[in-house]
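Reading through the structure tokens given below for one structure.
What follows is the structure, encoded as structure tokens:
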């Protein structure tokens, strides 16, 4: 099919994480200036979950952010933005509808499988079906793509985008695409920020079961200690490496999203005119730095370059200090929201 | 993290910069480009080691006549039986059977074509197993 060339004027801004970057860029295109950290905070993106019973590459799953799509859904709801979602059974139709939207000058967000996106560095091409990007035009049989984790817009061949949008496997995107169909006349940013903060505090402190929130961090600490005793050194190192990757690989902004959240709290302090939030932002930065220390020491253990004091028990200790600091932080944050209501 | 502490360790990113959030001297947050961080490269390299080992192991099994070339191509594309079956639209047990050399050798062209399309190969190339350590088979 030969769809005509089209280029919607779209201002691409690089971000740390795909989902929040896509939404921030889309909202800005439609006239609402909301930064990536703001989207992350309003959408209550900060999270922790350790799921030993869910396996990714045969290793336990650790998550530092809310499940895919949840941040976007919560953020648009809290901001009063109308986002229309579509999915398709037939790839041909999915591509045709995308082309039609582009002709209407509507930039379109797509969920894709990163494995098929040839513009990715080879070593980041995994079967990961939750990568978001914005398509804003086409030229010579390729699509103009604003992929928020890349510094500049990229060209993606039609075949690649089709394969990526219709990737199979876990969380198959099924051609899912979305676009803004309504913007609020008077968005309630302050209310949205407050609801986002309250939401995160509740999940991190009160989510049921041992695997979620700060309890999940403690559970991971205990597990890390057990790995050292019960597993072969190589297997233990693989599990540890997986946690480090989830925490630091493309898209977390460093420290398992703790730094993005600290940036959000800083912005929220200005918006809500509450200097106490600045202090809480600094505390969140310190938590992020502690997570970085976990990754640093952990990677030395993986590489068998660890000093005598750097052991799995030591790592568990760092995790428990993260859990302690985060517990206090969410309590104070929740109390501050309550006090300034 | 302070902006001057944002790591710039060359590694897996092949020069691609990604955004890390860090504070400047006055404590203001901003997104700062980073070319990479060594702990991350170590963790990523470790994951690739497992994938590469599997590719080499499958190539060896194919050479020894214990697996069909399909096993190699699946390993190279990091596909489990479940994922490959999903892509080619066959039941898992059938894909599993196709890993046997004698079953694979008798496959109909129509089925071979599905696998060839999945891996972006011609049918002739699908029957071949290159040396995994040559021609960039291992990333």
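Chains as they are written, first to last, in our numbering: chain A, 1 to 341; chain B, 1001 to 1139.
From the three backbone atoms N, C-alpha and C, an ideal C-beta is built for every residue, glycine too.
Nothing here was measured: the structure is a model prediction, and the numbers come from that model.
* Please confirm if residue 299 of chain A has its CB atom under 7 angstroms from at least one CB of chain B. => For this step, residue 299 of chain A is matched to residue 299 along the first chain. Closer than 7 angstroms to some Cβ of chain B, the Cβ of residue 299 of chain A qualifies, so yes.
* Compare the C-beta of residue 294 of chain A with all C-beta atoms of chain B and state if any pair is closer than 7 angstroms. => Taking the first chain and counting its residues from 1, one reaches residue 294 of chain A at position 294. No, no contact with chain B.
* Asked: Alpha carbon to alpha carbon, what distance is there between residue 4 of chain A and residue 157 of chain A?
  -> Along the first chain, one-based indexing puts residue 157 of chain A at 157. Along the first chain, one-based indexing puts residue 4 of chain A at 4. Cα to Cα, the separation comes out at about 15 angstroms.
* Can you say whether residue 229 of chain A is buried or exposed, counting buried as having 16 or more other CB atoms within 10 angstroms of its CB? => Indexing the first chain from 1 puts residue 229 of chain A at position 229. Exposed, by the Cβ-count rule.
* Reduced DSSP category for residue 186 of chain A - H, G, I as helix; E, B as strand; rest coil -> Sequence index remark: in the first chain, residue 186 of chain A carries index 186 (1-based). The answer is coil: DSSP assigns residue 186 of chain A none of H, G, I, E or B.
* CB contact check: residue 248 of chain A to chain B, cutoff 7 angstroms -> For this step, residue 248 of chain A is matched to residue 248 along the first chain. So yes, residue 248 of chain A belongs to the interface.
* Asked: Under the three-state reduction of DSSP, which class applies to residue 34 of chain A: helix, strand or coil?
  -> Counting from 1 along the first chain, the entry for residue 34 of chain A is found at position 34. Residue 34 of chain A falls in the coil class under three-state DSSP.
* To do: With DSSP as the reference, label residue 91 of chain A as helix, strand or coil.
  => Taking the first chain and counting its residues from 1, the one referred to as residue 91 of chain A is at position 91. DSSP places residue 91 of chain A in helix when its eight states are reduced to three.
* Asked: How would you label residue 1014 of chain B, buried or exposed, when you count the other beta carbons within 10 angstroms and need 16 or more for buried?
  -> Here the question's residue 1014 of chain B lines up with position 14 in the second chain. Label assigned to residue 1014 of chain B: exposed.
* Asked: Taking 6 angstroms as the line, does the beta carbon of residue 75 of chain A fall inside it for any heavy atom of the ligand PLP?
  -> Ligands are entirely absent from the displayed structure, and the ligand PLP is therefore not among its contents.
* Going along chain A in order, which residues have a C-beta closer than 8 angstroms to the C-beta of residue 1122 of chain B? -> As a position in the second chain, residue 1122 of chain B is number 122, starting the count at 1. Correct list: empty, because the minimum Cβ distance to chain A is about 16 angstroms.
* To do: Output, in sequence order along the chain, the residues in the region 1012–1030 of chain B whose CB is closer than 9 angstroms to any CB in chain A.
  => 1012, 1013, 1014, 1015, 1016, 1017, 1018, 1019, 1020, 1021, 1022, 1023, 1027, 1028, 1029, 1030
* Considering only residues of the region 227–314 of chain A, which uninterrupted alpha helix (DSSP H) runs meet the minimum length of 4 residues and lie entirely inside it, listed in chain order? -> 233–248, 258–271, 276–302
* Unbroken alpha helix (DSSP H) run spanning residue 29 of chain A, endpoints -> For the purposes of this step, residue 29 of chain A is identified with residue 29 of the first chain, where counting begins at 1. 18–29 is the extent of the alpha helix (DSSP H) around residue 29 of chain A.
* CA-to-CA distance, residue 1061 of chain B to residue 1017 of chain B, given in whole angstroms -> Residue numbering aside, residue 1017 of chain B sits at position 17 when the second chain is read from its first letter. Residue numbering aside, residue 1061 of chain B sits at position 61 when the second chain is read from its first letter. Cα to Cα, the separation comes out at about 39 angstroms.
* Should residue 1128 of chain B be labelled buried (16 or more other beta-carbon atoms within 10 Å of its own) or exposed? -> For the purposes of this step, residue 1128 of chain B is identified with residue 128 of the second chain, where counting begins at 1. Flag for residue 1128 of chain B reads exposed.
* N-terminal and C-terminal residue of the beta strand (DSSP E) that residue 1033 of chain B is part of -> Numbered from its first residue, the second chain carries residue 1033 of chain B at position 33. Taken as a continuous stretch (DSSP letters only), the beta strand (DSSP E) holding residue 1033 of chain B covers 1029–1034.
* To do: Give the interface partners of residue 1001 of chain B over in chain A, defined as CB-CB distance under 8 angstroms, in chain order.
  => As a position in the second chain, residue 1001 of chain B is number 1, starting the count at 1. Here the neighbours are 254, 255, 259, 285, 288, 289, 292.
* Name the two residues that bound the continuous beta strand (DSSP E) containing residue 58 of chain A. => As a position in the first chain, residue 58 of chain A is number 58, starting the count at 1. Where residue 58 of chain A is concerned, there is no enclosing beta strand (DSSP E), given that its DSSP letter is neither H nor E.
* To do: Kindly indicate if chain B contains any beta-carbon less than 7 angstroms away from that of residue 49 of chain A.
  => Taking the first chain and counting its residues from 1, one reaches residue 49 of chain A at position 49. So, not an interface residue.
* Asked: Going by Cα to Cα distance, which pick from B:1011, B:1072, B:1078, B:1121 is closest to residue 128 of chain A?
  -> Locating residue 128 of chain A in the first chain gives position 128, counting from the first residue. The shortest Cα separation from residue 128 of chain A among B:1011, B:1072, B:1078, B:1121 belongs to B:1078.
* DSSP state of residue 1098 of chain B, grouped into three classes? -> Locating residue 1098 of chain B in the second chain gives position 98, counting from the first residue. The answer is helix: DSSP assigns residue 1098 of chain B an H, G or I state.
* Inter-residue spacing [alpha-carbon to alpha-carbon] between residue 320 of chain A and residue 195 of chain A -> One-based indexing of the first chain puts residue 320 of chain A at position 320. One-based indexing of the first chain puts residue 195 of chain A at position 195. Computed Cα separation, rounded: 28 angstroms.
* Could you have a look at residue 204 of chain A and say whether DSSP puts it in helix, strand or coil? => Taking the first residue of the first chain as 1, we reach residue 204 of chain A at position 204. It is helical.
* Entirely enclosed alpha helix (DSSP H) segments - the region 1099–1137 of chain B, minimum 4 residues -> 1101–1105, 1109–1119, 1123–1126
* Could you check which residue in A:302, A:61, A:55, A:139 has the C-alpha nearest to that of residue 7 of chain A? => As a first step, residue 7 of chain A must be located in the first chain, where it is residue number 7. Comparing Cα positions, the closest option is A:139.
* Asked: What does residue 1111 of chain B reach in chain A if we use C-beta pairs closer than 8 angstroms?
  -> As a first step, residue 1111 of chain B is located in the second chain; it is residue number 111 there, counting from the start. Ordered by position in chain A, no residue passes the 8 angstroms Cβ test against residue 1111 of chain B, which lies about 17 angstroms from the chain.
* **Sheet register partners of residue 84 of chain A (DSSP bridge)** => Counted from its first residue, the first chain places residue 84 of chain A at position 84. Residue 84 of chain A pairs with A:179.
* Asked: Taking C-beta to C-beta, are residue 1023 of chain B and residue 1002 of chain B nearer than 7 angstroms?
  -> Looking up residue 1023 of chain B in the second chain gives position 23. Looking up residue 1002 of chain B in the second chain gives position 2. Contact: yes.
* Do we get a CB-CB distance below 7 angstroms when we pair residue 1117 of chain B with the residues of chain A? -> Position 117 of the second chain, counting from 1, holds the residue named residue 1117 of chain B. So no, residue 1117 of chain B is outside the interface.
* Within the same chain, show all residues whose beta-carbon is closer than 6 angstroms to that of residue 68 of chain A, passing over the 5 residues directly before and after it, in chain order. => Working through the first chain from its first residue, we reach residue 68 of chain A at position 68. Counting only Cβ-Cβ distances below 6 angstroms, and skipping sequence neighbours, we find 130.
* Less than 8 angstroms between the CB atoms is what I'm expecting for residue 164 of chain A and residue 116 of chain A, so what's the real figure, rounded? => Locating residue 164 of chain A in the first chain gives position 164, counting from the first residue. Locating residue 116 of chain A in the first chain gives position 116, counting from the first residue. Correct: roughly 4 angstroms between the Cβ atoms.
* Hey, out of A:84, A:290, A:288, A:227, whose CA is closest to residue 101 of chain A's CA? -> For this step, residue 101 of chain A is matched to residue 101 along the first chain. Answer by Cα proximity: A:84.
* Asked: Mind checking whether residue 1118 of chain B and residue 1095 of chain B have CB atoms under 7 angstroms apart?
  -> As a first step, residue 1118 of chain B must be located in the second chain, where it is residue number 118. As a first step, residue 1095 of chain B must be located in the second chain, where it is residue number 95. No, the Cβ-Cβ distance between residue 1118 of chain B and residue 1095 of chain B is not below 7 angstroms.
* Asked: When burial is assigned at 16 or more other CB atoms within 10 Å of the CB, is residue 291 of chain A buried or exposed?
  -> Stepping through the first chain from its first residue, residue 291 of chain A is reached at position 291. Classification for residue 291 of chain A: buried.
* Which residues, in order along the region 4–20 of chain A, keep a beta-carbon less than 7 angstroms from a beta-carbon of chain B? -> 14, 15, 16
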